[in-house]
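Accompanying notes for the structure given below.
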Amino acid sequence: MKNYKKGFLTLVILSTMSLMAAEDKTIYVTTFDDEDGTNPDKCSLREALHAAAIHKAYGGCSAGQIYSTVPNVIQLEAGEYKLNKELRPNSDVSIVGKEPGDYSRPDVLTNQFPAATPIKTTISGQGNSRIFNTIYENKPGLVLNDLILKDGSSLGDSNYSVGGAIYAGGALTLNNVTVLNSKAKVGGAIYLNDVTSSLNINYGVFDGNSADQGSVLGMTCSDNLEFTTRTIGINYASFLRNGSENSLSMFSFCGQPSVTFTANTITDNIANSNQGSIIQFTQKTPQGKVNLSNNSALSLVSNTIVKNTAWSTLLYGFNGVKALSNNILAYNTGKSCRYADGDVSKVEKSRVVLTYNALTMSTGNDQCEVAEEVRKDGKDNTFDVSNINFSTLLNELEPPTESTGFMPMYFPKNLGTDKDLVDIGYTGCSGKDQRGVTRVIAENSNGINDVANSCDIGSTEVLRLTANNLSATNSSVVQMLNSYQTVLDNYNKLLEDPATNKDYIPFYKIQVETYSNLIKYTKSDQKYRTIFVDPFAANLPAEIVTKNASGQDTRVVKHLNTDNYTVTVKALGVGTLNDKKVFVGKEDPNFKCEWNPNLKRIMLWRINDNVTPSGDNEFCSYQLQLIADPSIKSSAYIIGSFTNIAPITKDVTLNIEYGSTKPLDVDLLQYANDDGDGNVAALTAKPNKPKFYVNPEGIELPIRIANTIDPVVITADRSGPCPGDDGKYTCYGGKIHIQLRSTLDPFSYKFTYYVYDADGKISNSATADTSGNSASTVILQNSGTAPGSPRVSGGGAFGWVSLFSLFGLVGYRRYQMHKQAK
């Protein structure tokens, strides 16, 4: 199932934008017209590519990056760019469309800002021109983000009628790119040329592209008399309505490719019913031999490949490795899988590996032809759909909406039986489903009706409300509040900055309110050593099918938040999980667990100050219940562990008067605190707990001097052994008295110190001593060597006695330092 995780990467990215603005090297396109050096006041896309290639200003465009080793970024606006002829990038470049996001609300799938919107930027070849060509000179890498490429055509190119949208000579990456209605003789959407080319697709839609061969993808097969090697990754995209009855293939592979299809929807595509294929991965075809190396590799993982029409949806032969895992490859017209080299049934080395696929195994239309050896003893775990109707297993094609990531796709039906494609018990599916959120295997839920989550076959998952076991421990509330304050300050600065992108303002305001409340209610509602758990952060939401305004079924993900779910909790006690992952232990009246609506967190704490025993944990059960449908609920455990947070000490600078015989009396505890544990007043079972260490006789002795310096005499109001294993050291209480041994000593000194809390835990600070513990520093600033003193600035008499005394002190100090070093 999908992992519904939250993150804070958005802040990291957005908060740096203002800082980067002064050195921004992005080339901004400011006109939709296809100009080329004719208007110095405007920057066109064509001019931007030329400026990027020469690293100089051109037309109305800035120079971009100074160094040729740094790829340029070209930023487009929302709207349509109509080309008069193809674009020829000649340096590595990224072209970015207007961000398809709405920062006023969270995304329907991730519950994070911004909400995804349809792609806003289009580049059109107007049916007369290819859109991009990178085969010349430098064969640059091209990265396209958040774009629609439409109406590209290379049919007018009499020499190279390939690659209707893109003719790639270098590395090509498409991120959230839609390619529509592109045409060529070979490679209707994309054609890969030469060994320097590669392809990586992440999210997008390919719709209505056509070619005689390779309606979506074609490529060169050999270079310098050798197979062309290249990597091709096609991930999280939808391919539909590509090809025609005259097409021989949709994906035409040759050379020595390493190809991976991951979590795609491939449906309603067409190739010739007598000799055409949707995915051609074979050396032998009805049209003749194809140069496909025996070292080629094809991997299909978690794809939904249905309702295509062709002689064969997957045409494969003996050469190359073919690995199919967790796919729906069925319900096609023509063979779903066809072996190009004859009868495959008795072939022993077809080099096919099947794992948990939904296939039609019966002879006839839609059959997936595989060797008997591949399925021997059921090792392939194939789900045979031969006698199961499409509508029994899958819903109809879901149109592009927020809930589908704006890509058309199918969803499996959850029948709650072993006859559906949901939760099949397999764990090797794609890391993410097609919509882009992480699949996770969950066996932690403990409700009566909860069942383990595992892979769903195909490109998408049925999202079922699932609470997972959550492990947590208490952390320093001081550090927590400091981190909240840092985030809040950053957002406030962004709101105050006039250069801040106005699109982000709604998001920043929401975050300011969120972190202001976290600070406010953490301070007011904290307990002692509180564990704070967000029950929505790492769980799976419910996805329901409801009716839209037109009365049509629509899929809605119910965000994990307090608007959609109630949270109930119960403290169970101290113990462990048994082999069935069920809590065994005993109740503890001192252990508390409650839902805090102000913080929107589950809080765990103890009313005494016990830490969790080694080998045990403190268990709290929690349940999420959908408000719109209370029958949808899920329960799990919070597994807590309470630990003692170390006290904190600070560095101190003290002024010591040269020549004075009076010691400094210092209360070092005013530079220390044990606030990291939280609110001591919440210890109702142990009231009046002291902040710092008190020995069994009731004497407060929390201060330990880490290193002594012979020229400095340090005493205290009281002293005694330090706590626990540190009993070999001397600890002090009350005022610390500091005095130089000689009134003629003009030097400044420093020493380090620790404090122990009431439980005997030693302090932390930013400075580490040689033992590896963290200590704070006390600096004794002698007025004799302070800036502006006579000994520093000059002037005045200096008697011989003083001089000899000074030499003696210097010699003695060096002797002591040498002695300590030994």
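According to the working numbering, the stretch in the sequence shown is residues 119 to 940, in order.
Backbone N, C-alpha and C fix where the C-beta goes; we use that ideal spot for every residue, glycine too.
Taking Ala-428 as the reference, which of Tyr-457, Leu-533, Val-439, Ile-397 has the closest Cα?
-> Within the sequence shown, residue 428 is the residue found at index 310, counting from 1. That would be Ile-397, whose Cα lies nearest to the Cα of Ala-428.
Measure the beta-carbon distance from Gly-305 to Val-280 and round it to whole angstroms, keeping in mind my assumption that it falls under 8 Å.
-> Locating residue 305 in the sequence shown gives position 187, where the first residue counts as 1. Locating residue 280 in the sequence shown gives position 162, where the first residue counts as 1. That pair is a contact at about 5 Å.
Only counting runs of 4 or more residues, tell me where the alpha helix (DSSP H) segments fall wholly within the segment 228-310, in order along the chain.
-> none
Test item: CB-CB of Asn-70 and Tyr-474 under 7 Å = The structure shown does not extend to residue 70, since the chain is modelled only from 119 to 940, so the question has no answer here.
With 16 other CB atoms within 10 Å as the buried threshold, where does Ala-585 fall?
-> Here residue 585 refers to the residue found at position 467 when the sequence shown is read from its first residue. Under this definition Ala-585 is a buried residue.
What residues are listed by DSSP as bridge partners for Pro-839?
-> Within the sequence shown, numbered from 1, the residue matching residue 839 stands at position 721. The partner list for Pro-839 (beta bridge, DSSP) reads Thr-848.
Can you tell me which of the three DSSP states Ala-799 falls into?
-> Locating residue 799 in the sequence shown gives position 681, counting from the first residue. In this structure, Ala-799 counts as helix in the three-state DSSP scheme.
To the nearest angstrom, report how far apart Glu-661 and Val-580 are at their CA atoms.
-> Stepping through the sequence shown from its first residue, residue 661 is reached at position 543. Stepping through the sequence shown from its first residue, residue 580 is reached at position 462. As the crow flies, the alpha-carbon of Glu-661 is around 7 Å from that of Val-580.
Return the residue from the list Ser-362, Thr-400, Glu-153 that minimises the CA-CA distance to Asn-387.
-> As a first step, residue 387 is located in the sequence shown; it is residue number 269 there, counting from the start. Minimum Cα distance to Asn-387 is reached at Ser-362.
Quick one: what does DSSP say Ser-634 is sitting in, helix, strand or coil?
-> Numbered from 1 along the sequence shown, position 516 holds the residue referred to as residue 634. Of the three classes helix, strand and coil, the one that applies to Ser-634 here is helix, per DSSP.
With which residues is Val-595 paired in a DSSP beta bridge?
-> The residue given as residue 595 occupies position 477 in the sequence shown. Note: Val-595 sits in no beta bridge, so no partner.
Opposing strand residues paired with Asn-320 [DSSP bridges] = One-based indexing of the sequence shown puts residue 320 at position 202. In DSSP, Asn-320 forms a bridge with Asn-293, Asn-353.
Along the chain, which unbroken stretches of the alpha helix (DSSP H) at least 4 residues long are found entirely within the segment 611-689?
-> 623-643
Pairwise C-alpha distance: Ala-656 and Gly-842 | On the sequence shown, residue 842 is found 724 positions in, with the first residue counted as 1. On the sequence shown, residue 656 is found 538 positions in, with the first residue counted as 1. Using only the alpha carbons, I get a separation of about 40 Å.
In the DSSP assignment, find the unbroken alpha helix (DSSP H) run with Ser-942 in it and report its ends.
-> This structure does not reach residue 942, given that the chain is present from 119 up to 940, and the question cannot be answered.
Given Asn-413, which residues of its chain have a CB within under 6 Å of its CB, disregarding the five upstream and five downstream residues?
-> Translated into positions along the sequence shown, residue 413 becomes position 295. For Asn-413, where only same-chain residues beyond five positions count, the Cβ hits under 6 Å are Gln-374.
Span of the alpha helix (DSSP H), counted from its first residue to its last, around Thr-895 | Counting from 1 along the sequence shown, the entry for residue 895 is found at position 777. Counting along the chain, Thr-895 falls outside any alpha helix (DSSP H), though it belongs to the beta strand (DSSP E) covering 892-900.
How about Gly-543: is its C-beta nearer than 7 Å to some C-beta of chain C?
-> Reference to chain C is not applicable here, since this structure consists of a single protein chain.
How many Å lie between Thr-156 and Ala-169 at the Cα?
-> Position 38 of the sequence shown, counted from the start, is the residue given in the question as residue 156. Position 51 of the sequence shown, counted from the start, is the residue given in the question as residue 169. Each residue's Cα considered, the two are about 14 Å apart.
Taking Ile-575 and Asn-444 to be in contact with their CB atoms under 8 Å, please state how far apart those CB atoms are, rounded to whole angstroms.
-> For this step, residue 575 is matched to residue 457 along the sequence shown. For this step, residue 444 is matched to residue 326 along the sequence shown. That belief holds up - the Cβ atoms of Ile-575 and Asn-444 are roughly 6 Å apart, short of 8 Å.
To which residues does DSSP link Asn-716 through a beta bridge?
-> Taking the first residue of the sequence shown as position 1, residue 716 is located at position 598. Beta-bridge pairing links Asn-716 to no other residue.
Assign Ser-920 to buried or exposed, taking buried as 16 or more other Cβ atoms, counted over all protein chains shown, within 10 Å of its Cβ.
-> As a first step, residue 920 must be located in the sequence shown, where it is residue number 802. With a pLDDT of 41 at Ser-920, under the threshold of 50, the modelled position of this residue cannot be trusted; read the value that follows with caution. Exposed, since its Cβ has fewer than 16 Cβ neighbours within 10 Å.
Go to Glu-165, then tell me how far its alpha helix (DSSP H) extends in each direction, as first and last residue.
-> Within the sequence shown, the letter at position 47 stands for residue 165. Counting along the chain, the unbroken alpha helix (DSSP H) around Glu-165 starts and ends at 163-172.
Assigned exposure category for Ala-289 - 16 Cβ within 10 Å defines buried = Looking up residue 289 in the sequence shown gives position 171. That one is buried.
Put Asn-421 into one of helix, strand or coil per three-state DSSP.
-> Here residue 421 refers to the residue found at position 303 of the sequence shown. In the structure shown, Asn-421 sits in coil (DSSP, three-state: anything other than H, G, I, E or B).
Taking Val-540 as the reference, give the member of Ala-389, Ser-180, Thr-510, Pro-707 with the closest Cα.
-> Here residue 540 refers to the residue found at position 422 of the sequence shown. Among Ala-389, Ser-180, Thr-510, Pro-707, the Cα nearest to that of Val-540 belongs to Thr-510.
Can you give the Cα-Cα distance for Val-323 and Lys-494, rounded to whole angstroms?
-> Within the sequence shown, numbered from 1, the residue matching residue 323 stands at position 205. Within the sequence shown, numbered from 1, the residue matching residue 494 stands at position 376. The straight-line gap from Cα to Cα measures roughly 38 Å.
Measure the CB-CB distance between Thr-870 and Ala-834 and report whether it falls below 7 Å.
-> One-based indexing of the sequence shown puts residue 870 at position 752. One-based indexing of the sequence shown puts residue 834 at position 716. For Thr-870 and Ala-834, no; Cβs fall outside 7 Å.
Which word fits Asp-697, buried or exposed, when buried means at least 16 other C-beta atoms lie within 10 angstroms of its C-beta?
-> As a first step, residue 697 is located in the sequence shown; it is residue number 579 there, counting from the start. By the neighbour-count rule (16 or more Cβ atoms within 10 Å), Asp-697 is not buried but exposed.
For Ala-476, count neighbouring Cβ atoms within 10 angstroms of its own Cβ and tell me buried if that reaches 16, exposed if not.
-> Taking the first residue of the sequence shown as 1, we reach residue 476 at position 358. Buried, by the Cβ-count rule.
Range of the contiguous alpha helix (DSSP H) that encloses Ser-509 | Within the sequence shown, residue 509 is the residue found at index 391, counting from 1. Its alpha helix (DSSP H) spans residues 508-511.
Endpoints, beta strand (DSSP E) assigned at Lys-704 | In the sequence shown, the residue the question calls residue 704 occupies position 586. Where Lys-704 is concerned, the enclosing beta strand (DSSP E) stretches over 701-704.
Per DSSP, what kind of secondary structure is Gln-401 in: helix, strand or coil?
-> Working through the sequence shown from its first residue, we reach residue 401 at position 283. In the three-state DSSP reduction, Gln-401 falls in the coil class, being neither helix nor strand.
By the 10 Å Cβ neighbour count, where 16 or more other Cβ atoms means buried, how is Gly-890 classified, buried or exposed?
-> On the sequence shown, residue 890 is found 772 positions in, with the first residue counted as 1. Low local confidence applies: a pLDDT of 46 at Gly-890 is under 50, so the model's placement there is unreliable, with the coordinate-based value given in what follows. Flag for Gly-890 reads exposed.
If you drop the 5 nearest sequence neighbours on each side, which residues of the same chain put their C-beta closer than 6 Å to that of Arg-359?
-> Position 241 of the sequence shown, counted from the start, is the residue given in the question as residue 359. Cβ contact annotation for Arg-359 (same chain, cutoff 6 Å, sequence separation greater than five): Asp-325, Gly-326, Asp-386, in chain order.
State the beta-bridge partners of Phe-999 as determined by DSSP.
-> Any question about residue 999 goes unanswered here, given that the chain covers just 119 to 940.
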